[in-house]
Structure formats: C-alpha cells, structure tokens
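Asks: Quick one: the structure is below, questions incoming.
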Amino acid sequence: MKNIARTLQDDLRDAEIKPEDILAHEPVSSISYNNLMILLETLESEIEQLEQAATNPNRHTVLSCSGVVQSVKAICALLGCIDTLDISDAISQLTSVCENGQNVLSYSGGKMDIVSESGDYAQVNLRPRTIVEQIRYRCHHVRDSIQHLLEIYSNAFRVDFCVNAPDYISSSIPISNVSETVMVHVMCLHRPPVTWKHDEYNLGAQVYHGTRYIGEAVVTQCTNEITGIYPRLTFNSWLNFEGIPVCTLPRESRLIFVLYGCSVETSDDAGNTSNAGTAETSTINGTNGEKIVRTELGWTSMQFFDFDRAMAQGTFLLSLWPPTTDKFLGPAPAKGTHPFGDTYPVLGVEIPNYGGRIVFPETPVNPVTRPRYDFYSLDCNLRQELIDTAEQGYPCALDKREVLWEKRHYLQALPHALPKILHAAHSWDFASVIDLHDLLRSWSPLSPLQALELLLPRYPDMEVRKYAAKWVSNIHQDQLMDFLPQLLQALKHDTYEGSPMANLLLSRSLESPRVAHHLYWLLVHNLPGESPQNTIEAIPAETDAQVVTQARYHRRNQMLLRALLATCGEKLSARFLAQNMICRSLAECAQNVKQSKESLRQKTLIQGMEVVNQILMERPTSLPLGPELEVVGVHVRNCSYFNSNTLPLKINFVGPDGGHVPAIFKSGDDLQQDMLTLQLVRVMDKLWLHEGLDLKMVTFDCVPTGHKKGMIEMVTDAETLRKIQVEWGLTGSFKDKPIAEWLAKQNPSQLEYQRAVDNFTVSCAGYSVATYILGICDRHNDNIMLKTSGHLFHIDFGKFLGDAQMFGNFKRDRTPFVLTSDMAYVINGGDRPSTKFHHFVDLCCQAFNIVRKHGDLILHLLALMAPAGIPGVTADAVTYVRKALLPGQSNPEAAASFAKMIHISLKSWFTQFNFFLHNLAQLRFSADEDNGELLSFVPRTYTMALDGRLQSVVVYGYQKRYDLEKYYTYILKVTRQNQPDPAYLFRSYKEFLEFHQKLCLHYPLAKLHSLPSGIHVGRSNVKTVADKRLPEIRTFLISLFNSADEIAHSDLVYTFFHPLLRDQQEADIHVAKVKETKSTIPTERVCGEIKLSLQYHRGALTVMVHHARSLPVTTSGQEPNTYVKVYLKPDPTKATKRKTKVVRKNCFPSFMETLEYRMPLDFIQSRQLQVTVWSHDSLQENEFLGGVQLDLSKMNLREEIIRWFPLGYLPRT
C-alpha cells in the first residue's frame, strides 16, 4: 500500500485546492466575447446611421432599417439562431416606422391615445411623436431586446462574458406568503428540425417532486407554421396551474415540459415521424373521428428553486432532450450540459416575479419533542396491518397508506417503516416539511442497507438524503464496495451537486485505495472520451438518444472524478492514468484484430500486445479489475482471442512474481449489464451465506472501461457446457451423461468426484434461482460454464430482465431457467429419481425464499440503477423482478411455485433443442484441438514419481457392459513396486487405440506391436471380436514394456495406467456381464418417509407436502403413481380432505404443494392431522403405501415445523 499512499507533499499541495481547480469543463464551446462585441458595435453603427438619416432635414431621404435588421440577424445567428418574441416585435415596429415615413400619431377627437395599461395606471401619449423620436424609441427597444436575449442566453449556455443586468426586484418574499397559482409563459420553440412534418404541436407541462406529480398536467398547442427571423414554433400562451399555489411548492420541485407532434394518420405516417426508435407514439381520436398519431419529440425541465433557495423568475431558454423513459427521474438538467445545446431545439419560457424575490426559508429546528406512542398499545389486528403495509411497500392501496400516515407516531421504533411513512406524506411544502424533518430527527436510526431506500428518486428532499447518507456512512468498507455503483447513481438524484453523498464517497476513497480504484472506473466509463478528467469530448451527432440523455449527468460525474484525482494523491493518480493508457492500447488492439483478415489476426494481436508489454515494463500498474492485481508485463506469445462475434482478447499478464494473471478484454459489447448482473448475484450469495446457506457460487469481476468496452476476470480450469456436450457428438445436448462423464474424467477419485457433484448440485441451485429472479435470457450452452471442481456458473448477461433472445419469430428462452436432463443426471447420480434431487429442490426453494425475504434490497439496487443508461434497466425492470419474487405468496406457496418451475424447466425439450441449434451455429468456429500430451479420457498428466513404478501389467480378461449401449471393456491387473495389492483397471479397445496412436506420435522409432483398427464389417461389440482383440492387446503390452525405460515408463504410459473413477467403483472382475446399477427400491409393502412443513399464520393452517422417499413398489412390481391425501381427524363428512397431484412412476416423488385449512387455531389443535400416501391406478383400486397421524395439540403451530416423518400402517376409520 505504500506505493500508492498519499504523501506529505500531497497534503501540502492539496491544502491549496480551490473550487475552480475541480470545476468541470462544459461540453458546449463558449461564444467569443470579441466576436460578439464586433457584432454589437456593428449594430450600434447601423442604429446611429438610421438615427442620423431620420434627423436629416431633406424630406426625400429614404429611411431604411435593413442594416439594423441584418445586424440583429447576425447576433441571433451567433447565439444559435435564437430570436425572441421581443426581438421580432422590435424589428417589426422599427420597420413599420421606417416604411410609414413622416406619418405620426395624432389625437382623435381630442382624446389621448392609451399606449399601455397596468392595473390602475396607464401610459398615454400627450402629443404625437416625431419620426426621429419614434425611430429612437424603436431602436432603444431593439437594444433592450438584444440585451435581454444576451441575458437569458448567458444564463442557459456557457459563455466567456457576463451581462450586467439591472436588478429591479429588491425585496425578498417567503414562499409561504405567496398564494397566487403557479403560472408559466410558454413563448417559442426555437430551431425545430426540418424533419418535423407534423400538423400540430402539443406541449404538456406538469409540476413534479421526485417521481410524484403535483396537480394535473396543463397543455398548450400551436400550429405547424414556422415564424420569426429564424425558424421557430410560436406558442405564446400562459399556462395556469390551477390548484397549485406557489406556497405549496416543495423546495426540490421542478417543472417538466414534454413536446408532442400530432399528425392525422395516413398510410405513410412512418416516414413522417422522427425518433421513431425511441419516441413514445400513441394514437388518439380527433374531434371529427379521424385517427391522430401523437409522437413524443422531446422533453425539458427546470428546477423551481436554486441551491440558495431562491425561486426561478424571469425568462429561460431550456434545451430540448430526446425522448427517453427517465425524464421523470432525477433533477432538471443543469444549464450548459446538453451536448448539442447549440443545435438542438430550445424552448423559451417565462416565470412571473410575483411582486418580489421569492425564497424558500430554512427549515427551523423545532425544540418541542414530538409525541412518540407505544406501538403495542394498538389493537393486534391494526398492528399486523401496519406491519404488512410497511413491508408491502409502495404498491399498497391508498387507504392503507392513509392509515400508515395517521399512525406514524406509533411506528418510530420500526426503522424500516420510515421510507413508507415519508412516501405516504401528503405534501412537502414549507408548512409540511417542518413536521417531516422533525419526524426524521426523532426516528430510530436505519441500518445502512435500509437507508439505501431513501436514496431512491422518490425521496428528493435534501434533508432526507442527508440523513440517508449519514446512516449509509456506517456501512463497512467491504459492504460499501458491494453497493458502490448504486451510491454513485444516487448522486444523480440529488437536486444539487454539492451533496452529502458526494462527500461520503470522497471521504471513503481517501480512506481506502480500493474504494478509490473502483470509484475511478465507475466514473470513467460513464464519461465519453479518452481523458474525461480533463475535458469531455464531443458526442457524435448520430449518437443514440439514450447516450445523449446521459450527458445531463456528465458534468456532475466529471466534477466528482476531478475531485477524486485531486484528493487521492499523486502516486494513485499516476496509477489510474497508467491503467487508462493500457486500456486505450488494448481497445486499439482489439479494433485492429477485428479489422484484420482471419489469417492475420493472431499476428496483429501479438503486435498490439508488444505495445502493451512495453508500456507495462516502463510503467507497472494494476488492472482495472482490482488494485491488488498488479502487473509488470504481458506474456505476448500466450495471448490469443476467442472466436465469437466481438473477438474478445485473452491476455496473459505478468505479475510481479513472474506468475500469470489472465484476463479478458472485450470491445463491442456493453458490459454494464454484465457488471450489474454479477453484482446482484454476489449480493444474493452474501444473503445466502448470512443465512447459513453456502451455494458455492462462482462469480467474476467485470469492469467497463469505456463505451462498449471493458475488462473481465478470467475463471481458470473451466469449460463451456457446449464443449463438454459436443464431446458426445453434435447431438450431445440431448444425452444424459456428458456432464457426469466429464466430471468423472476431471475427478478420478471417488472422493473428488463426490465433492464435484456436491459443488455442482448447490451451485446449480444458486444459479437457477438467480437467473430466474433476474430474468437472465440467451442461456445457450456457451453461456454456461463448469469448473473442473464441479462449480457451475453463467457468463455473458447481455440479455436480462426478461429480454428474451429471439430466433426468427419465436422466443428461444422458454423456461424459467436452465435445468436439463444431463444436469439432473449428475444431481441424482443416475437416470432414476433419488433423494439427492429432493435436496436440490429444497436448496432452490430455501434460496428463493431468502432472496424474497430481502427482496426490497434487490429492488432498490435495481431502481437506483435506472438512470445509469443500462439497456433494459428501467422502472419496468423493477416491476419484472418484483413479480418474479411472488410478493403475494407465503414462503410455502412460493416454494411450491418454484418447485413447479423446476418441473417445467426439467421437462421442457426446448432448452436442449436450443443447445443443439447453438451447436450447429458454432460449427464454423469449431476446430479439433489436440494438445499432443494428454489422453482424451484422462484430464491430467501422471508420472512414475506420483503413482509408483509399474512392475507388471497383464490382461486379466474382459467384461460385457451395458451403459446406454453395449460394449466390452478389458480388465488390466496392474502391480506396482512397494504396493502389495494389485489394482484392476478397466479400459476399452477404443482407449487402447488412442493410447497406441499417442505413443507412435511421441516415439515414432519405437518398435511397438500395432493394434488392428477398430473398424469391422458387421457388429464390433460382440464376444467374437472381443476374443480376437485380447491377444493383440497382450502382445502390444509385452512390446511396450520391452521397450526402453524412456518409453515404457514415460508420463504418457503412467497417465494411461492411472486409476480413474470407474476403476475405483466396486465391480466384480469375475462376472462376464455388468449391467447398469439401479437404485434400490424397497420391496416392503409399507415403508418410506414423507417430508412435511406445518404453520398457522394469518388465520390458516398451511400444510406443505415436500417430498417422499424410499416408497415401496406396488403389488404388481411397478413404481407407484404417488399422491398424498390429508385429513383433519375426526372428520366423518370428509370436509377436510385435501390431496396433491399425482407424480407418476416414482418411489422418490417431489410434490411441493401447499394445502390450506382456514379455520380457528383452537379448532385445529383439537384435531389430528392424518397424512397418507397412495398409488393411483385408473383401472383398479388405489393402493395404500403408508401414512402418519400427527397430534396437533402437542405442536406449536405458530412456528414453522419442517420434518421427515416415517410412514407406517394406519387403521381404517
């Protein structure tokens, strides 16, 4: 840590940091003061010439204001082709005066002309103006309108000058004293694109506080007539927000405008709408019955109050942003943040002054202690209703929220209820916010994870967010890393840039280089350009609308990035810049590899890696994946690329100790989805571990380093499911044994194999739950990987939250998650059901219910990422996950539902068919890989030093085996020195042929007996062929061990004769035929066990039937078609009869069904629960398999009881 720690010199230097040192650069280039002054001086010159011409006594002098008009046009053009209504009026009136010449105003009938009226006062002409006075007056009007334009332009965009405008408003008025309604004057939309061809334009305006709207929307419209010096749409209308007095505005309230283009529906409407890919389009009925297509064209927004609590008053220019779904999230975009502010449409609006400067006063701290009532003094039913409402959250009914708000003083001891209380508040105006802030101060502190909820955009109040940051600051450093992306996104929901959350992130970065490292890359990948800490590069004009919208946050992110670099110290800052340089070189190399011909790609890659290696040798640094991954170079010759669409680079970096540090660099895919998915999977895994459930989850780091590029941690000792399955041929995805055989090959001992199966079972359960909840799609067999240790994990999360992959017109992801027969084969230990699969189902259901218990945390993490610009992460995504968590179900019901999904996924043939389609699609990438060292059926190399010197190998005989198909295996008796007991190995003739071939490749001069080819006319797996091959194998082994020691005792020989898992399994070497072992099925008439769970909750007894095991076969010797019947005895009328579905032909059935008795607890405890298991027969009487009777009076049904119960005989009643 010393090589990146801050130094005394850093402290001395940073003590002099000034705000301007970290201020971000605006994306729009400033207008030059010199250029503007030239145009203003030209305007003054033209005005002087016009005034001189007016004073000329020669009455034949022609008065022309064209020079003034052209000067005004030039100024407007410099300011982005914006001309206001004032400018148009001034020019029009000046032109009219010049055209009328000497015509002057005169009295009519001795009456005075009223020029303007305001209340009780009026401006009148006492005498007619002369032509000189009129021209001077109109020229002065032109000057005022130009100055006004400069004022509003400099307030909206970045300029290098300021306008000294007189402040006519001197008095400050508290907002509580202003009872007038909110009014807004909508003037013009400047610079409408020429592609807009709509018949009419509607502009909707609405007041928002957070995500909640205040009052109804107000709409105005204008025709498609283009007016003004430069193109503009003129609304020129006042919007009156009736029912919203100014005094009811919250401090963080904002005004949102949405522009729509309306066109009468025609056959070619599609060609007349812009932004068709992102705009919201709807069809409405017109007044005459015609269909009108309404297309959203853009939106803009403004805050009512600034950081100093002053209300916005006067005229404003608001840049129009492209239509996106997150326009209602976060504060209004800051001025000058639009990347195309000088070309995009601009809306001009005006807010009246209401007689003075309106301010939102500081909230006084109330010294009076608020009442705090005892929660347990409430009625039991009301307490339960309040708890349910607080847990259910935002979707609950309005009347329940009202009850929650009314009883808020009883809930102050329940921390998790605070967010719901604040959400239920009626108003956040100045009169209400005093009580709300007092409530906030008196509430029991929230835990850091609970406080995350208060960072959502629905809580914009700065005091609430200050307390949220205070509570989050208690989080442990490691846990902070888990939620760092969300905390950074929460900054976007802060109304003002100076926020407590920004202070928290910077202070934690100062404490921990690890936090600083990850915060740096989170900020960098959200900013465009190669050096975003210095300047934000211009965004290309054809950029996607979502990327343009993200630019509203660039200034805030850049300020935090510059503050981070200013406080982290010179050493760490230099390391960040070195990492940035490496990533730029990798991105350039990846692009060159893509553009190269296939035959030259590897050469191009090596050239690029040489550059990266040289940089690292000169400036060693760490990888973006983590500060602990220090690298000093690259193993250039060991680098390669993956044959996929984006051609990711597989890079072997060199660590400080000379070891390999593998990583993947990917360019062309948006890795933000992968980063978020992996983060949520890690959070779920930690929730499971906290509850004592270890599912052996394998995750990996994924760090986006820029737009559609980033670095991914490489998991070693892993293979894709496709490569495992295609070892059994192109149709290997339809077979049951590929995964089990591969694991057996990688884990030759019985102990290793069993450990791998256990790892596979629990990790498969974990990823089944995680992929279902997050809606992970595009799950083909190249996106599922398996470690040699048995851990299953998923990769490539480009499709998630229900965004299914399509193949033509049909959906490729048709099951809740991936669970295939070859996976079940590994879990069951064969192709027959077993109790091991019960364990798998229980793990899934337990894991699912743990995530449901903490479901709010998952939902809040997703909701906080909504403004991140990640494709698919929207409010709809949060709704999707909420539905996936089955919020309306109890734990037993949810477990039953998930068990049904397991059944659906396992029984679906489409997943395997999808795998097969992917195998076909990947044929062009396939190539035979022969490492020239290992045998295909033995994964590792074994040596004499490891296994012991071979003393003798003889062929003991052969056996006929049945394993899906018939084949013969040869029994080898192997004796080793210093090992008294011989070992018996089983090898097929095909494996002998491969062994012989590899020996000939490695030792071409060796005189080994040749084995005949395995190709025969007719059937080869018959006893006659096996007899003929037996002496050939014996002769081959004799020739092998008569060879020199470097051949007979080579690593290849010892690898072949190393005991595999199949050699260690019990098998009788004296038996001529070995059939596949089947699970033992009991033959007793009544035996076995049943797993039940019981609980009385919310007025009902829930009996969940989980599984049964070791059930007997029926009297006909067949496996039973089992179902379960349940009664509350005594029950002479059979009114309490409940039963499950039938599970066919299974002695180890899994039911996972809930049976409910909605009765009083006293009545239930006076009964006995009778559970019986039966075999269903459509033609004969159902057969009794066993039962159990439970005395409910001796059980505490308030607590959940889960147990296996032995089945026995029950008397008929």
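Per this note's numbering, residue 98 is the first one in the sequence shown, and the count goes up by one each step. Each residue gets a CB set at the ideal place from its N, CA and C atoms; glycine is no exception.
Can you tell me the Cα-Cα spacing of F762 and E715, whole angstroms?
Replies: Approximately 21 Å between the Cα atoms of the pair.
Asks: Could you check what DSSP says for M781 in three-state terms: helix, strand or coil?
Replies: Reduced to three states, the DSSP call for M781 is helix.
Asks: Express the C-alpha separation of I448 and S268 in angstroms, rounding to a whole number.
Replies: Whole-angstrom Cα-Cα distance: 17 Å.
Asks: Per DSSP, which residues does Q400 bridge with? Please list them.
Replies: The partner list for Q400 (beta bridge, DSSP) reads R351.
Asks: So what's W839 in DSSP terms, helix, strand or just coil?
Replies: Here W839 sits in helix by DSSP.
Asks: By the 10 Å Cβ neighbour count, where 16 or more other Cβ atoms means buried, how is M134 classified, buried or exposed?
Replies: Flag for M134 reads exposed.
Asks: Given 8 Å as the limit, is there contact between the region 577-587 and the region 385-394, that is, 3 or more CB pairs closer than that?
Replies: Contact between the region 577-587 and the region 385-394 is absent, because fewer than three Cβ pairs lie under 8 Å.
Asks: Which residues does DSSP list as the beta-bridge partners of Q303?
Replies: Its beta-bridge partners are I353.
Asks: Could you give the residue range of the beta strand (DSSP E) that holds I1298?
Replies: Element bounds for I1298: 1298-1303.
Asks: Do the CB positions of S1085 and Y1064 come within less than 8 Å of each other?
Replies: The answer is yes: Cβ separation under 8 Å.
Asks: Mapping DSSP to helix, strand and coil, what is Y473?
Replies: Correct three-state label for Y473: helix.
Asks: Just checking F457 against the ligand HEM - is the residue's beta carbon closer than 7 Å to any of the ligand's heavy atoms?
Replies: Here there are no bound small molecules, and the ligand HEM is not part of this structure.
Asks: In the structure shown, what three-state DSSP assignment does C686 receive?
Replies: Looking at C686 - three-state DSSP - the assignment turns out to be helix.
Asks: Restricting to runs no shorter than 3 residues, where is the beta strand (DSSP E) found entirely within the region 1194-1248?
Replies: Runs found: 1197-1206, 1219-1226.
Asks: With distances taken between CB atoms, is the gap from S1314 to R681 smaller than 8 Å?
Replies: Missing from the structure shown is residue 1314; the chain here goes from 98 to 1310 and no further.
Asks: What three-state label does DSSP hand D814 in the structure shown?
Replies: Reduced to three states, the DSSP call for D814 is coil.
Asks: What does L1288 pair with, by DSSP beta-bridge criteria?
Replies: It is worth fixing the name first, because residue 1288 is Asp in this sequence and not Leu. DSSP lists Q1265 as partners of D1288.
Asks: Nearest-angstrom Cα distance between A1145 and V1210?
Replies: Cα-Cα distance, rounded: 54 Å.
Asks: At which residue ranges does the region 1024-1095 contain complete beta strand (DSSP E) runs of 3 or more residues, listed in the order of the chain?
Replies: Fully enclosed beta strand (DSSP E) runs of 3 or longer: 1047-1060, 1062-1073, 1076-1085.
Asks: For L603, which of helix, strand or coil comes out of DSSP?
Replies: DSSP places L603 in helix when its eight states are reduced to three.
Asks: Determine the direct distance from the alpha carbon of R852 to that of T1132, and round the result to whole angstroms.
Replies: Distance between the alpha carbons of T1132 and R852: 39 Å.
Asks: Buried or exposed: where does T320 fall if 16 or more other Cβ atoms within 10 Å of its Cβ makes it buried?
Replies: Per the 10 Å Cβ criterion, exposed.
Asks: Determine contact between the region 187-197 and the region 352-360, defined as no fewer than three beta-carbon pairs at a distance below 8 Å.
Replies: Touching, no.
Asks: How would you write the range of the alpha helix (DSSP H) that H891 sits in, first residue to last?
Replies: Run containing H891: none in the alpha helix (DSSP H); it sits in the beta strand (DSSP E), 889-891.
Asks: When the Cα of R605 is compared with those of D575, W618, L940, which residue comes out closest?
Replies: Comparing Cα positions, the closest option is D575.
Asks: CA-CA distance, T701 and V729?
Replies: So the alpha carbons of these two residues sit roughly 22 Å apart.
Asks: Can we say the region 734-747 touches the region 916-936, given the rule of at least three CB pairs closer than 8 Å?
Replies: No contact exists between the region 734-747 and the region 916-936.
Asks: Is the beta carbon of D919 closer than 8 Å to that of D855?
Replies: Not in contact: D855 and D919 (Cβ atoms no closer than 8 Å).
Asks: Could you compute how far the alpha carbon of R103 sits from the alpha carbon of Y357?
Replies: Whole-angstrom Cα-Cα distance: 54 Å.
Asks: Take every Cβ of the region 976-985, pair it with every Cβ of the region 954-965, and state whether three or more of those distances are shorter than 8 Å.
Replies: Yes, the region 976-985 is in contact with the region 954-965.
Asks: Tell me the rounded alpha-carbon separation between D893 and T868.
Replies: Going by the C-alpha atoms only, they are around 12 Å apart.
Asks: Nearest to L543 by alpha carbon, out of Q1019, W568, I119?
Replies: When each option's Cα is compared against that of L543, the closest is W568.
Asks: Among P328, F332, H295, P724, which residue has its Cα nearest to the Cα of G301?
Replies: Taking only the C-alpha atoms, the option nearest G301 is F332.
Asks: Just to confirm, is the Cβ distance from G863 to M794 under 8 Å?
Replies: Yes.
Asks: Answer with buried or exposed for D405, where buried requires no fewer than 16 other C-beta atoms within 10 angstroms of its C-beta.
Replies: Exposed is the call here.
Asks: Can you find the residues in the same chain that come closer than 8 Å, C-beta to C-beta, to F1012, ignoring five residues on each side of it along the sequence?
Replies: Counting only Cβ-Cβ distances below 8 Å, and skipping sequence neighbours, we find L818, R819, Q822, S830, H877, N878, T917.
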